[in-house]
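Colleague: One structure follows; several queries about it will come next.
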């Protein structure tokens with residue numbers, strides 16, 4: 001009986017030790033800035049990582065930005081997606097030693113239980129804002145929502161900075177070899193950065209999107225309301241009707257139409 005009691009007591013002690021270790025492992029450390037620290041488990045792509053959240057593997061979606069795809073999904077594989085992935089990987093794994101620091105907006109969790117975060121990494125004793133850096137380096141495009149707007153002005157300036165310095169995706173801005181008409185587009189252009197030259201047939205609204213249609217209805221530029229509000233101030237899209245323009249961006253396909261998801265007015269070049 002004594003031996004049985006000793007074994008039982010020993011097992012309880014071991015269980016308590018493991019419980020204490022687990023709690024210590026899952027404990028979130030707050031920085032002086034109020035950021036929560038998380039251990040990195042994996043890098044999915046440029047704007048999605050996986051961390052340990054209360055002992056559970058949890059995906060983190062970077063708020064306010066959209067890096068080109070590196071995996072086949074509803075969106076095509078995009079140029080500079082690989083560069084965005086390796087930039088994020090270097091920052092959080094090499095510089096920040098597999099630890100990231102997250103700040104949150106109104107909603108901490110989004111669809112499917114994902115964390116929605118502003119991502120910081122630590123380098124040389126300072127915290128660096130990864131969402132902003134990806135935009136400034138031309139490795140991401142803005143993607144805004146009403147409930148994730150705390151750093152919107154920072155992101156607007158970062159995307160404008162990438163354009164002004166022709167970083168990343170904008171390094172192709174002055175490349176005349178990527179100019180195409182809608183008729184010249186093929187499936188090989190999907191996911192590629194192109195200037196699409198066309199005459200505007202109509203401008204309208206569809207749900208939360210502004211739409212700029214080619215006169216032959218074989219190409220469309222779609223602009224989300226959130227990005228329109230941020231980047232198209234004092235710009236009247238409806239005045240484009242009947243004009244020949246070029247639009248710069250990543251080519252997608254929407255049904256039978258080729259499409260670019262527009263983000264800012266400096267992506268438009270009005271020819272006449």
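Residue numbers (UniProt numbering): 1 to 272.
Backbone N, C-alpha and C define an ideal beta-carbon position, used for all residues, glycine too.
Computed from a prediction, not measured in an experiment: that's the story for all the values here.
1. Could you have a look at residue 232 and say whether DSSP puts it in helix, strand or coil?
2. Pull up the DSSP beta-bridge partners for residue 59, would you.
3. Residue 202 bridges to which residues according to DSSP?
4. Select from 53, 237, 215, 216 the residue whose C-alpha is nearest the C-alpha of residue 225.
5. Alpha carbon to alpha carbon, how far is residue 46 from residue 84?
6. Report all residues from its chain with a CB closer than 7 Å to the CB of residue 144; omit the five preceding and five following residues, and keep chain order.
7. Identify the continuous beta strand (DSSP E) that holds residue 258 and give its terminal residues.
8. Quick one: residues in its chain with C-beta nearer than 8 Å to the C-beta of residue 265, no 5 flanking neighbours on either side, listed in chain order?
9. If we ignore side chains and look at the alpha-carbon of each, how far apart do residue 59 and residue 120 end up?
10. Whose CA, out of 171, 179, 212, lies closest to the CA of residue 201?
11. Starting from residue 191, follow the beta strand (DSSP E) in both directions and report where the run begins and ends.
12. Quick one: Cα of residue 252 to Cα of residue 178, how far?
13. Looking at the unbroken beta strand (DSSP E) that takes in residue 248, where does it start and where does it end?
14. Assign residue 250 to buried or exposed, taking buried as 16 or more other Cβ atoms, counted over all protein chains shown, within 10 Å of its Cβ.
15. So, helix, strand or coil for residue 112, using DSSP?
16. If you count every other CB in all the chains shown that lies within 10 Å of the CB of residue 137, and 16 or more means buried, which is it?
17. Label residue 67 either buried or exposed according to how many other C-beta atoms from any shown protein chain fall within 10 Å of its C-beta, with 16 as the threshold for buried.
18. State the DSSP-derived secondary structure class of residue 131, mapped to helix, strand or coil.
19. Would you decide whether residue 258 is buried or exposed? Buried here means 16 or more other CB atoms lie within 10 Å of its CB.
20. Three-state secondary structure (DSSP) at residue 142?
Modeller: A quick look at the data gives this:
1. Counting from 1 along the chain shown, the entry for residue 232 is found at position 232. Look at residue 232 here: in three-state DSSP terms it is coil, with no helix or strand label.
2. Residue numbering aside, residue 59 sits at position 59 when the chain shown is read from its first letter. Paired residue(s): 50.
3. The count along the chain shown starts at 1 and reaches residue 202 at position 202. In DSSP, residue 202 forms a bridge with 213.
4. For the purposes of this step, residue 225 is identified with residue 225 of the chain shown, where counting begins at 1. That would be 237, whose Cα lies nearest to the Cα of residue 225.
5. In the chain shown, counting from the first residue as 1, residue 46 sits at position 46. In the chain shown, counting from the first residue as 1, residue 84 sits at position 84. About 5 Å.
6. The sequence position of residue 144 within the chain shown is 144, counting from 1. Counting only Cβ-Cβ distances below 7 Å, and skipping sequence neighbours, we find 64, 152, 226, 227, 230.
7. Position 258 of the chain shown holds residue 258. In the DSSP annotation of this structure, the continuous segment of the beta strand (DSSP E) that includes residue 258 starts and ends at 257-262.
8. The sequence position of residue 265 within the chain shown is 265, counting from 1. Counting only Cβ-Cβ distances below 8 Å, and skipping sequence neighbours, we find 231, 232, 235.
9. The residue given as residue 59 occupies position 59 in the chain shown. The residue given as residue 120 occupies position 120 in the chain shown. If you take the alpha carbons of residue 59 and residue 120, they lie about 16 Å apart.
10. The residue given as residue 201 occupies position 201 in the chain shown. When the alpha-carbon of residue 201 is set against those of 171, 179, 212, the nearest one is in 212.
11. Position 191 of the chain shown, counted from the first residue, corresponds to residue 191. Per DSSP, residue 191 belongs to no beta strand (DSSP E) and is neither H nor E.
12. Taking the chain shown and counting its residues from 1, one reaches residue 252 at position 252. Taking the chain shown and counting its residues from 1, one reaches residue 178 at position 178. Each residue's Cα considered, the two are about 15 Å apart.
13. In the chain shown, residue 248 corresponds to position 248, counting from 1. Residues 244-254.
14. In the chain shown, counting from the first residue as 1, residue 250 sits at position 250. Residue 250 should be labelled buried.
15. Along the chain shown, one-based indexing puts residue 112 at 112. Looking at residue 112 - three-state DSSP - the assignment turns out to be helix.
16. Indexing the chain shown from 1 puts residue 137 at position 137. It counts as buried.
17. Numbered from 1 along the chain shown, position 67 holds the residue referred to as residue 67. The residue is buried, with at least 16 neighbouring Cβ atoms inside 10 Å.
18. Position 131 of the chain shown, counted from the first residue, corresponds to residue 131. The answer is helix: DSSP assigns residue 131 an H, G or I state.
19. Position 258 of the chain shown, counted from the start, is the residue given in the question as residue 258. Residue 258 comes out buried.
20. Taking the first residue of the chain shown as position 1, residue 142 is located at position 142. In this structure, residue 142 counts as strand in the three-state DSSP scheme.
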